[in-house]
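Every number in our numbering is 57 more than the matching position in the sequence shown, counting from 1.
Just so you know, even glycine gets a beta-carbon here, dropped at the ideal spot from N, CA and C.
The structure displayed is predicted, hence computed values, not measured ones.
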Amino acid sequence: MTVVVAVKISDGIIVSSDSASSLMNGPSVLNIYNNANKIFNLRKGLPIGAMTCGAGSVGKLSIATISKDFRAILTADPDANSATVSDLTHRYFEYLRVEHYEKCHPPGNPDNPRLNLWVFGFSPGESLPEIWEFSFGDVIIAPKETVPRNESGLAWGGEPELIQRVVLGYGATLPKNLADLGVAAPLIDQALGAQRALHPIVTDAMPVQDAIELAEFLVRSTIDFCRFKIGAPTVGGPIEVAAVTKHEGFKWVKRKHYFDQTLNPELEE
């Protein structure tokens, strides 16, 4: 399990993640590593990034390595500079699907590991940011826009319970519990829709710094929630935060390194 969050405002998109990665044997957790990378700059110099949750690798390669391989392809392609977020999202999707996922996991297999990815940033000449998502598993879901272009909002993946309670006002199991009690589906939708409208958290005018603090708060709170609930602490490790804005591009706000930057000044990942 993991947690990733994206906050979309008019000025940009802020993403945050934990660093936990679980080594599984069926339903059993064999080990938990706390230094996985889940946020990537997809093309140096462009205001575009990606985040991931679910499977931490495809075959022998981590999603971080696969994403950096894709970044190298984009870096060598001058046409990438003029590509839209939609173009790069679909290209990333096809690269992952054809070159990696389907080579290891035949389509339609119910045992296929779930892998979710989001691509976010600014298209050339556009004033508002975009965030797209796609996923792999027993069913492959092609890219779609997560939050409408002209709206602010949140996207998240991984461990949903705390974020859903804070943002939507109810837990993930409430709709099913109400249905099990015999409440009609239209009434459930009406009640939950009214609850969601009570306390909107993200607005178009939210400043970048506040969006940074909100994203980090949701990740940190999920880590603490999972620390105390029954079960393995599958959300944890250092928190990473990045922001993409129109004029500043992709910027790291909080980031971990496996090397000391003062000893390796020539390295820039």
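When rounded, the separation of the alpha-carbon atoms in Lys201 and Thr319 is 41 Å. Between Ala107 and Tyr149, the C-beta spacing is below 9 Å.
Within the region 197-272, the complete alpha helix (DSSP H) runs of at least 4 residues fall at 218-224, 231-237, 242-253.
Residues Asn91, Asn92, Ala93, Gly294, Pro295 of the same chain have their beta carbon placed closer than 6 Å to that of Ser76, with the five preceding and five following residues left out of the count. Secondary-structure assignment with DSSP links Tyr90 through a beta bridge to Ser78. Ile89 and Cys283 have their C-alpha atoms some 13 Å from each other. Rounded to the nearest angstrom, the Cβ distance from Phe307 to Val301 is 5 Å, consistent with a contact under 8 Å.
With a cut-off of 8 Å on Cβ pairs, the region 153-163 is in contact with the region 116-129, counting three or more such pairs. If you look at Ala121, you'll find it in the alpha helix (DSSP H) that goes 120-132. In this structure, the CA atom of Ala121 is about 33 Å from the CA atom of Tyr227.
Between Leu103 and Gly178, the CB-CB gap stays under 9 Å. Taken atom to atom, the span from the alpha-carbon of Pro217 to that of Ala248 is near 20 Å. Its Cα nearest to that of Lys303, the residue Glu183 stands out among Asn169, Glu183, Thr59. Looking at the DSSP output, Lys311 shares a beta bridge with Val298. Secondary structure at Leu185: coil, using DSSP grouped into helix, strand and coil. The three-state reading of DSSP puts Leu172 in strand, counting E and B together.
When the Cα atoms are used, Gly165 and Ile197 turn out to be separated by approximately 8 Å. Assignment of Ile280 by DSSP, reduced to helix, strand and coil, places it in the helix class.
For Ala140, the three-state secondary structure derived from DSSP is coil. The three-state secondary structure of Lys303, taken from DSSP, is coil.
In this structure, Val64 is the residue among Val64, Gly239, Val60, His147 with its C-alpha nearest to the C-alpha of Met263.
Per DSSP, the beta bridge partners of Ile70 are Lys65, Val301.
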